[in-house]
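>
Residue numbers (the working numbering): 1 to 221.
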């Protein structure tokens, strides 16, 4: 849930001690329960929040436009049967981070979502890795290649393995031209040129016909 809220628009707030996994409410008259960091689970939580904060600070799309819809775009939000949502956070230059959240205790394999760019994507955050106390229940490759299959209003899509009760942050690290879109554009351009050529030929034929008609009428006089 924290990874979802951190990626959502708006300024962030966590109470002191949350990064340690304190059991008690923060008390202004006492210091934080630093001793909790001797336990592995609390260390893992602390490392997760450190990495989450680093991603938040290092990526402008997480903070730059959090006051309008230009900085946020739903990819997929109506899969009520599998409880999965996906959205984008976008900076002023159009760069984005894709966030995919699974709110069920079931791993989802070969789950497809549409993506804005064709190319290679990589995980910059996976909440299920062992370093965070997870079970490493994902099999996503280091390089996730987009396919030419359109989905969710985009011209391309990717397939993911999504951890149970977890989230993925993804970024396109190598943008390329979609070959299907390129082929369609080239076909459209060829069709446009052919149509213009046919129209020009028709216009020339009509002009020649008018000229011939005028010449015949002049000869008849």
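Yeah, the Cβ is synthetic: ideal placement off N, Cα and C, and Gly gets one too.
Label residue 191 either buried or exposed according to how many other C-beta atoms from any shown protein chain fall within 10 Å of its C-beta, with 16 as the threshold for buried.
Per the 10 Å Cβ criterion, exposed.
> Round the Cβ separation of residue 171 and residue 122 to the nearest angstrom and send it over; I've been treating them as touching at under 8 angstroms.
Going by Cβ atoms, the distance from residue 171 to residue 122 rounds to 6 angstroms, so yes, they are a contact pair.
> Nearest-angstrom Cα distance between residue 79 and residue 85?
Looking at the two C-alpha atoms, the distance is approximately 7 angstroms.
> Taking the DSSP output, what are the residues bridged to residue 168?
Answer is 100 and 126, bridged to residue 168.
> Could you pull the start and end residues of the beta strand (DSSP E) that residue 159 belongs to?
Segment 156-162, the beta strand (DSSP E) holding residue 159.
> Do residue 252 and residue 32 have their C-beta atoms within less than 8 angstroms of each other?
With the chain represented from 1 up to 221, any question about residue 252 goes unanswered, as that position is not in the structure.
> Within 10 Å of its beta-carbon, does residue 17 have 16 or more other beta-carbons around it, so buried, or fewer, so exposed?
Residue 17 is buried by the Cβ-count criterion.
> Strictly by DSSP, which residues pair up with residue 72?
Paired residue(s): 89.
> Could you pull the start and end residues of the beta strand (DSSP E) that residue 181 belongs to?
Note, residue 181: premise wrong, no beta strand (DSSP E); alpha helix (DSSP H) at 179-220.
> Going by beta-carbon coordinates alone, are residue 137 and residue 91 separated by less than 8 angstroms?
Not a contact, by the Cβ cut-off of 8 angstroms.
> Among the candidates 153, 118, 96 and 163, whose CA atom is the shortest distance from the CA of residue 110?
Answer by Cα proximity: 163.
> To the nearest angstrom, report how far apart residue 47 and residue 12 are at their CA atoms.
Using only the alpha carbons, I get a separation of about 18 angstroms.
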